Every structure is written in C-alpha cells, then in structure tokens.
Amino acid sequence: MKKSVVGAFIGMLLILSLLLPSQSTVQAQSSTIYSTNFNSGYSDWTPSGNVSGVSSPAIQPNSVRLRGTASITRTISTVGYSSISVTWNMAASSLESADHCYAEINTGSGWTAIGTLNDGQDTSTFYSGTSNNITGADQNANFQVRYRGNGATTGDYCYAEDLSVTGTSGAAPTNTPVPTSTPPGPTPTPPPGGVVPGDPLTGNGNVTRTLLTYNDLFTGSSSAPVDDSAFALPANAAMPNHTFEGRLELLNEATSGGFSEIKDTYRYTGNGDNPRKHLPEFSFEFVQNGSHLIPVAQGLSYTSHPYWNYIVGPGRAWSETGDNGYSRASFPFALVQRNSNCTHNGVMTFLFNGSGISKVRYQITQETCVYYQINMWGQLTGTYTAYSVSNAATHKANHATEVANRIPTKPIAALASDYPSSGINTSLFGAGTSGTVTSYGIYFNGVNYIGGCPTRYGSYAFCESMRTPSYSTAKSAFTSVALMRLAQVNGTGVTSLLIKNYVPEYTQGGVWTSTTFGHMIDMASGNYNLAGFEADEGALSMENFFLAEDYTSKISYAFQYPNKAAAGTKWIYHSSDTFILARAMGNYHGSDIFNMVRDQVYTPIKLSAGAKTTLRTDNSASGVPFGGYGLFWTQDDLAKVAKLLNNDNGSANGTQLLSPSLLAQGMHQTSNHGFDTSINYMYKDSFWAYNFTTADNPTYYGCAPWVPFMSGYGGITVAMAPNGATYYITSDNSEFTWKDQLTETNKLSPMCP
520 MKKSVVGAFI GMLLILSLLL PSQSTVQAQS STIYSTNFNS GYSDWTPSGN VSGVSSPAIQ
580 PNSVRLRGTA SITRTISTVG YSSISVTWNM AASSLESADH CYAEINTGSG WTAIGTLNDG
640 QDTSTFYSGT SNNITGADQN ANFQVRYRGN GATTGDYCYA EDLSVTGTSG AAPTNTPVPT
700 STPPGPTPTP PPGGVVPGDP LTGNGNVTRT LLTYNDLFTG SSSAPVDDSA FALPANAAMP
760 NHTFEGRLEL LNEATSGGFS EIKDTYRYTG NGDNPRKHLP EFSFEFVQNG SHLIPVAQGL
820 SYTSHPYWNY IVGPGRAWSE TGDNGYSRAS FPFALVQRNS NCTHNGVMTF LFNGSGISKV
880 RYQITQETCV YYQINMWGQL TGTYTAYSVS NAATHKANHA TEVANRIPTK PIAALASDYP
940 SSGINTSLFG AGTSGTVTSY GIYFNGVNYI GGCPTRYGSY AFCESMRTPS YSTAKSAFTS
1000 VALMRLAQVN GTGVTSLLIK NYVPEYTQGG VWTSTTFGHM IDMASGNYNL AGFEADEGAL
1060 SMENFFLAED YTSKISYAFQ YPNKAAAGTK WIYHSSDTFI LARAMGNYHG SDIFNMVRDQ
1120 VYTPIKLSAG AKTTLRTDNS ASGVPFGGYG LFWTQDDLAK VAKLLNNDNG SANGTQLLSP
1180 SLLAQGMHQT SNHGFDTSIN YMYKDSFWAY NFTTADNPTY YGCAPWVPFM SGYGGITVAM
1240 APNGATYYIT SDNSEFTWKD QLTETNKLSP MCP
C-alpha cells in the first residue's frame, strides 16, 4: 500500500514538473577571470621602465613600485564572459602637480584611465576603485590592464596592488595565459588586394629612396623632421609582401622625441621638458586590405594624457626593393588638444614582415591652431602583435566603400581647363598669409577641386585624410542640422519646445521661462552680460566655459548669464548657448544627439569614419557633445556637408533627411534673414549670411544674392553660393578672406539669373 502511494506521489511530481515552468540550472554568475595580489611577483605582467617589487607600502605583504614613467601591462582573455569589471588598488608618493598614477584598460581602441591618483593623494595610502560593465571588454581575447606612472622625475613613485577582473558566465572561468609570441595570424587579404579603388599597385618596387631608408628605420635615429614625401606612397611602389593585422604599440612615448615651438601664445611649453612635448600612449589595432592600412578605431580616441588625444587615419602599405624583403607601412595621425578643437597633423611609418617591425618614425609638422603651433618628431621602438582582428572583413569592406564613395577630386587649377571659356582666375583661391592655410577647395558640379595640403616640411603625405577642426562650423553642420533632422522626423513644432523642460540645470542662472529651441539656434536667449559684437564670447566668463572639462562645471558656466532681454529679441553670440541646445535636443530625443546625426545624416551622406566622432565633456566617449565646436573634417567631408545643404536640398539617396522649411531658413532662402549682427552679416538658425550687391562687384547687377556661410574660429569658412558652388578654406591666422573668391565662382555659373 505504501509503495503505491509513493509511486503515485512521484508520478504527480513528474507531471507537475512537465506542466510548471522550469528554470535553467545554469545561471549567469559573476566569476573571477583573473586576480593578483603581486605577493608572488609580477612575472606574468610586462614591465616597462624602472619596476620593482617592494614590501612597503603594500596591502600585504608586497606591492609593485613604478618609478617615474614606468608601467606594467597584462593581457587577459575575456572570451566567454560579459559585463566585465576591473577592481584596482593603487598608492603614490612624491607626486608634483603634473604627476599622476593611472590604472588603465585597453579594449582595442587605445588606453583609457579607470583610476587616477594626483598630487595630494601621494601619502603612500592605497586607494581602490571598480569600473563596471566596461564597453568593448566583453568576449575580448586581447583585453589589457595596466598600471602606469607619468612622473616627471625618477623620484615620483606609483605602487600597484591587488587587481581583479570579473565577468558574467554560465560556466566556471579559467585563467587564460598571455598570448604567446606566435598568436593566430591575420585574416588574409592575398596580394594583389584589388577591392579598394586604386588597387592593386602596379609598380615594381624600384624606388630611389634617400630618406627613411631600411637602415634609417632599423638602426637610425631622428634628429629633426624630414620632407613629408618620405612618408608618402611612391609612384613605383609594389604591392606589399605581407599583411599587417593586429596591434601596433609604441614604447617610451613619454620620455622620447624632439620638439620645437613655432608659436605659443599662452606659454604652454618652455625650455624644460613637458608632457606636451611627447606623444600619448599609442596602442591601436589595424587591418589591411590590399595596399590599404586601416585603423580599427578612427575618429577621436580619448587618452589618459593630460594634454593630447589621438585621431588615427587610414594609410598605405607597399613594398620597395631596397627594404630587404620587408613591407613598408605609413599612416596619418593627428594630436588633438584635450578639451579643445586644435588639430596637429602628423605621419608615422615603419617596416614590417610576418613576425616583427622596425622602429617607428613619426613627425608632426602642421596644425590648424591659432595659438599653439609646434613641430614634434621621433623614432620609437614598437611592438607588433599579429592576430585575427574581430570583424576584420567588415572593417576592410567599410574602408573600400568609403574610398569608392569619395567625391571625385581634381587640382583647383583644373577649373580653368574644365571651364575654359569662364576666364576664372584660380590663383585667387587659398588666399591668406603664407604658412597659415591648411586646406581649401571649390565644390562645383560634382567635383571637389582641391588646393594643396602644405606642411612646414613639404606637402602632407595623406592630403585626402588630413583632419581639420570644425570649430564653430559645427554650430551649423551639427547642431542646426540636428534641429532640422528632428523637425523632419517630428515636425517643425520642435523649434517651439522650451529649454527649461529639457535641461534641468536652467535654474542656475538667467531667465528661461519662454526660451525655445528656436531662440537658442538663433543665439537669442536674452541672457547675457555684454551687448557688443561677440563681447561675451571673448570674455573671461566664456573662457571658464571653454576650459571646463566635466559636464557639471560646463553646464553651470553655460547658465551663468543674467537676463537682460526677452527671448527672441536680441542676438548675442554664445558658444555656451549651442551646448545648452545640444543637451536639450538630446534629452528630447531620448538618446545622444550627435549619434543621431551621425547615424541619420552623416552616414547617409557618406562622411568618412573619422568624421563620426566629436569632442565631449569629461574627456570621454560617453560624455555630452559640445555642440558648438568639436568636429573634425577632411576636404571630402566638407564638400559632402555643403552638397547636402546647398545642392541636394537636405536629401540623400532619394530620402529627405532635413526639414525643407528649416533648411530654407538656414540657407537664407526666405525673406526672414534673422538677426543683424552689426558687422554687415545676418544670422539665422546658426548660419551666417552676406548680401552681395553691385557695391561688392558689378557682376551682381540685376540681383543681390544672399550667400549663407559657416564660420569657425581662426579662419575657417564654408561659403555656399546660389549658383551651386561652395568655397571652403581652413586657416589659423584669424583671416576670413572669401568674398572675392566666391565672386570668382560667378564665372562658372552666374548667381544672377
């Protein structure tokens, strides 16, 4: 009897188990992927500089002492894990104001600080912190952690202690050793490549080379910059013998390299050493498609350097008979001043084969920066870690598509031969003080007619990839375009939305009762100190806004102005107003406003990968976009933005991207030209405009065309004529010479019907 009851009971349980929902026995749990207390030393870490184990200070019983600029690095595979977190412990002693100790991580896009100790935290007391859910760290075979110091002297010390890496996995984790010296090879692109326009190279490799020879790169040194042509793809280059795929890392950046000063208005650097005179830590992934060397991370890459961030652009790889079987690589890069738009263009080159590289030569000999102009150069030891880069095929295909989508270019002198009856004088274009013009061009009738890309040492090796800062052209090309896009998607009523409903910090100053998005795009909030032309923009109060790096401080300075006029009645130029508006639009949209413009406007018009980032608060890719400045253009990018606005009526690929009515206002195609700025220019929707008449040139007899233009600090102009021509120039001597040049385009097609 008991057996039958028990059997029935078990049977009922079996039935219930089938009917009731079940829970998996394998649950996600946080597991330790790697941990160390350094009590047994640091032999599984890669040291650089003066590194030693010490017993004091220590948590128990040992720590690792980093002297001066020393570091220790560990590669940890997180494959099989997500939601990666890193916990660090660090102490410091004898730091000065410019000295720091860092705990850093690298997911493949460069080093990012997750912990920093500064002067005042140098009492040999251990501090700890945890960085959770690190973007890019999940399923990463080459996730890296590092402790590093940047002390100016060997008497500055950092102390590394307990570190752990954890993640979520359904199975028990196992520690993964450091990759061996023979990791999996790169995904092949067998020469000849052929998938990027222009490939394969057709030369035989017989190149006469006197600069940066094989011996120079392996055993030489750098005492000064050389002509930039030494970094350029030579005419007789042959396809590369090898494929470069993996990570390029430079060593001893903080203590090596040469430096010379051209202009230093604010006396940033003197005769002594200074971190501004050295590169930030460089560690970037590359893939190769035929003869094209492609950085995985393009656009602005934030670093932990106190003064510099990176932009790394696509370069080339090839072979020369004098390189003893090695392949040669070269690529453009730029240093971008931290929290600023100033952009300093440079190049790097090295030789490589399947297992190693030569030393890496670099130089910076050009910039767009009114107040700080410098040369930097050096030759550093580097390491090449070859492995299959994640999504390599996608990166290769994307670059091939980008190159194929570039607007056709010709030298600007070709305007005269393409339009022989026009009588156009192309020598007028690019006018400005010698040595201060970065680039210029005319977009007309589907062709980008470009000027040169001069540096202090010849023509830039990668003119097509030279980065120039937007400065305030971003007010038009980003923030105004963002409002036009929101209006196209959600209706023009977005211009009537109130700032106070979307930026809670409005209570910190001014009166915002009735200030709308539309008022802010016109620079007419009614809150200001000084009424003169750009008087507030040049005052100390705005300088505080520009210098503020964190969001809390920056938004506080943006709201610092008292109310002196009703909203919409007085034009006062404030970059801070554009920051407020960008924040408001992001909060209204519900997500990052720059990313919206990137995905919904910049990508459809096929801007370069390097143009799809912007300056943000907190020196972080997750910060708030500046809005009023902080983009980085190539000549192709500028031409495409102008084409969207001036030629394509805000549409691309048959799709209307921008509100036609707001675009017409910004392009000054309506009777409402906005506010008189008191210097013969009107301002509407963050676009300037000038009304040409016969007083400017007899050409305009019979009409008085309005020409909208974007303008940026230092000498940046993008002027868009009603005849379809756009003249753009980037310079840094505070010269804004463009009216005669734009009038010259009237010879190509008359502005007056």
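Counted the way this note's numbering counts, the sequence shown spans residues 520 to 1272.
Glycine included, C-beta positions come from ideal geometry on N, C-alpha and C.
Just so you know, these numbers come straight off a predicted model, no measurement behind them.
Next on the checklist: My output table needs one value for I595: the three-state DSSP class, helix, strand or coil.
Outcome noted: What you label residue 595 is simply residue 76 of the sequence shown in a count that begins at 1. Note: I595 maps to strand in three-state DSSP.
Checklist entry - Are E780 and L798 closer than 7 Å when you measure CB to CB? => result Your numbering for residue 780 matches position 261 in the sequence shown. Your numbering for residue 798 matches position 279 in the sequence shown. The answer is no: Cβ separation not under 7 Å.
Item to check | 6 Å Cβ shell around T945 - same chain, five flanking residues per side excluded | outcome: As a working mapping, residue 945 is identified with position 426 in the sequence shown. Only I931, A932, L934, A935 meet the Cβ criterion.
Next on the checklist: Classify A611: buried if its beta carbon has 16 or more other beta carbons within 10 angstroms, exposed otherwise.
Outcome noted: In the sequence shown, residue 611 corresponds to position 92, counting from 1. A611 comes out buried.
Checklist entry - In whole angstroms, what separates the C-alpha of V922 from that of V715? => result The count along the sequence shown starts at 1 and reaches residue 922 at position 403. The count along the sequence shown starts at 1 and reaches residue 715 at position 196. Rounded to whole angstroms, V922 to V715 spans 7 Å at the Cα level.
Checklist entry - In angstroms, rounded to a whole number, what distance separates the CA positions of S838 and S810? => result Here residue 838 refers to the residue found at position 319 of the sequence shown. Here residue 810 refers to the residue found at position 291 of the sequence shown. Cα-Cα distance, rounded: 9 Å.
Item to check | Assumed close pair Q993, Y845 - CB separation to whole angstroms, cut-off 8 Å | outcome: Locating residue 993 in the sequence shown gives position 474, where the first residue counts as 1. Locating residue 845 in the sequence shown gives position 326, where the first residue counts as 1. Note on residue identity: the sequence assigns Ala, not Gln, to residue 993. Not quite, the Cβ-Cβ distance comes to about 42 Å (not below 8 Å), so this is no contact.
Checklist entry - Going by C-alpha distance, which of D675, F850, E1068, T1014 is nearest G1142? => result The residue labelled residue 1142 in the question sits at position 623 within the sequence shown. Shortest Cα-Cα distance from G1142 to any of D675, F850, E1068, T1014 involves E1068.
Checklist entry - Can you give the beta carbon distance from T868 to L731, rounded, assuming they're within the 8 Å contact cut? => result Start at 1 with the first residue of the sequence shown, and residue 868 comes out as number 349. Start at 1 with the first residue of the sequence shown, and residue 731 comes out as number 212. Correct: roughly 6 Å between the Cβ atoms.
Next on the checklist: For S582 and V570, which I take to be in contact (beta-carbon distance under 8 Å), what is that distance rounded to the nearest angstrom?
Outcome noted: Residue 582 sits at position 63 when you count from the first residue of the sequence shown. Residue 570 sits at position 51 when you count from the first residue of the sequence shown. That pair is no contact at about 11 Å.
Next on the checklist: Which residue wins for smallest C-alpha separation from M1186, given the options T1213, Y1220, T1245?
Outcome noted: As a first step, residue 1186 is located in the sequence shown; it is residue number 667 there, counting from the start. Of the listed residues, the one whose Cα sits closest to M1186 is T1245.
Checklist entry - Hey, is the segment 1168 to 1182 in contact with the segment 1002 to 1015, meaning 3+ C-beta pairs nearer than 8 Å? => result yes
Checklist entry - Using the rule of at least 16 other Cβ atoms within 10 Å of the residue's Cβ for burial, across every protein chain shown, is G724 buried or exposed? => result As a position in the sequence shown, residue 724 is number 205, starting the count at 1. By the 10 Å Cβ count, G724 comes out buried.
Checklist entry - Which residue comes first and which comes last in the alpha helix (DSSP H) that contains V631? => result In the sequence shown, residue 631 corresponds to position 112, counting from 1. One point to set straight first is that residue 631 is Thr, not Val, in the sequence displayed. If you look at T631, you'll find it isn't in any alpha helix (DSSP H); it sits in the beta strand (DSSP E) that goes 630 to 636.
Item to check | Whole-number beta carbon distance between Y646 and I591, since they are thought to touch under 8 Å | outcome: Mapped onto the sequence shown, residue 591 falls at position 72. Mapped onto the sequence shown, residue 646 falls at position 127. That pair is no contact at about 17 Å.
Next on the checklist: Please state the DSSP three-state secondary structure of N734.
Outcome noted: The residue labelled residue 734 in the question sits at position 215 within the sequence shown. Of the three classes helix, strand and coil, the one that applies to N734 here is helix, per DSSP.
Checklist entry - T727 to F750, Cα distance in whole Å? => result The sequence position of residue 727 within the sequence shown is 208, counting from 1. The sequence position of residue 750 within the sequence shown is 231, counting from 1. The alpha-carbon atoms of T727 and F750 are separated by roughly 13 Å.
Checklist entry - What is the rounded straight-line gap between the Cα of M1239 and the Cα of G834? => result As a first step, residue 1239 must be located in the sequence shown, where it is residue number 720. As a first step, residue 834 must be located in the sequence shown, where it is residue number 315. Between M1239 and G834, the C-alpha separation is close to 31 Å.
Item to check | For F963, the three-state DSSP class (helix, strand or coil) | outcome: Looking up residue 963 in the sequence shown gives position 444. Strand at F963.
Next on the checklist: Can you tell me whether Y1274 is helix, strand or coil according to DSSP?
Outcome noted: Residue 1274 cannot be examined here, being either before or after the span of the chain that is shown, 520 to 1272.
Next on the checklist: The beta strand (DSSP E) that contains L870, what's its start and end?
Outcome noted: What you label residue 870 is simply residue 351 of the sequence shown in a count that begins at 1. Counting along the chain, L870 sits inside the beta strand (DSSP E) bounded by residues 862 to 871.
Next on the checklist: If I measure Cβ to Cβ from H824 and keep anything under 6 Å in the same chain, skipping five residues before and after, which residues do I get?
Outcome noted: Here residue 824 corresponds to residue number 305 of the sequence shown, with the count starting at 1. A distance below 6 Å between beta-carbons, with the five flanking residues on each side excluded, links H824 to the following residues of its chain, in chain order: P799.
Next on the checklist: According to DSSP, simplified to helix, strand and coil, what is N558?
Outcome noted: Here residue 558 refers to the residue found at position 39 of the sequence shown. In this structure, N558 counts as coil in the three-state DSSP scheme.
Next on the checklist: Looking only at its chain, what residues have a beta carbon closer than 6 Å to the beta carbon of A756, apart from the 5 residues adjacent to it on each side?
Outcome noted: By 1-based counting over the sequence shown, the position of residue 756 is 237. Correct list, in chain order: L720, G722, W837.
Next on the checklist: Are the CB atoms of K929 and V966 within a distance shorter than 7 Å?
Outcome noted: As a working note, residue 966 is residue 447 in the sequence shown. As a working note, residue 929 is residue 410 in the sequence shown. The answer is yes: Cβ separation under 7 Å.
Checklist entry - Applying the criterion that 16 or more other CB atoms from any shown protein chain within 10 Å of the CB defines a buried residue, is Q663 buried or exposed? => result The sequence position of residue 663 within the sequence shown is 144, counting from 1. With 16 or more other Cβ atoms within 10 Å, it is buried.
Item to check | Where the alpha helix (DSSP H) containing I1099 begins and where it ends | outcome: Numbered from 1 along the sequence shown, position 580 holds the residue referred to as residue 1099. Its alpha helix (DSSP H) spans residues 1094 to 1108.
Next on the checklist: Below 8 Å, how does it come out for the segment 1081 to 1091 and the segment 1148 to 1158: are there three or more Cβ pairs, yes or no?
Outcome noted: no
Checklist entry - Near F981, which residues of its chain fall below 6 Å by C-beta distance, leaving aside the five closest residues on each side in sequence? => result As a working mapping, residue 981 is identified with position 462 in the sequence shown. Short of 6 Å from the beta carbon of F981, and not among the five residues preceding or following it, lie these beta carbons of its own chain, in chain order: P851.
Next on the checklist: So, for Q658: in the same chain, excluding its five sequence neighbours on each side, which residues have a beta-carbon less than 6 Å away from its beta-carbon?
Outcome noted: Translated into positions along the sequence shown, residue 658 becomes position 139. V598.
Next on the checklist: Taking its Cβ as the centre, do 16 or more other Cβ atoms sit within 10 Å of Y990, making it buried, or is it exposed?
Outcome noted: As a first step, residue 990 is located in the sequence shown; it is residue number 471 there, counting from the start. Classification for Y990: buried.
Next on the checklist: With a threshold of 6 Å on Cβ separation, who are the neighbours of A1001 within its own chain once the five nearest residues in sequence on each side are excluded?
Outcome noted: Here residue 1001 refers to the residue found at position 482 when the sequence shown is read from its first residue. Around A1001: M1104, I1112, V1116.
Item to check | Helix, strand or coil at N1114 according to DSSP, with G and I counted as helix | outcome: Numbered from its first residue, the sequence shown carries residue 1114 at position 595. Three-state DSSP puts N1114 in a helix.
Checklist entry - Applying the criterion that 16 or more other CB atoms from any shown protein chain within 10 Å of the CB defines a buried residue, is E680 buried or exposed? => result Looking up residue 680 in the sequence shown gives position 161. Buried, by the Cβ-count rule.
Item to check | Counted within 10 angstroms of its Cβ, other Cβ atoms place L1134 as buried (16 or more) or exposed | outcome: The sequence position of residue 1134 within the sequence shown is 615, counting from 1. Of the residues assessed, L1134 falls on the buried side of the cut-off, its CB having 16 or more other CB atoms within 10 angstroms.
Checklist entry - For A1214, does the count of other Cβ atoms within 10 angstroms reach 16, so buried, or fall short, so exposed? => result Position 695 of the sequence shown, counting from 1, holds the residue named residue 1214. It counts as exposed.
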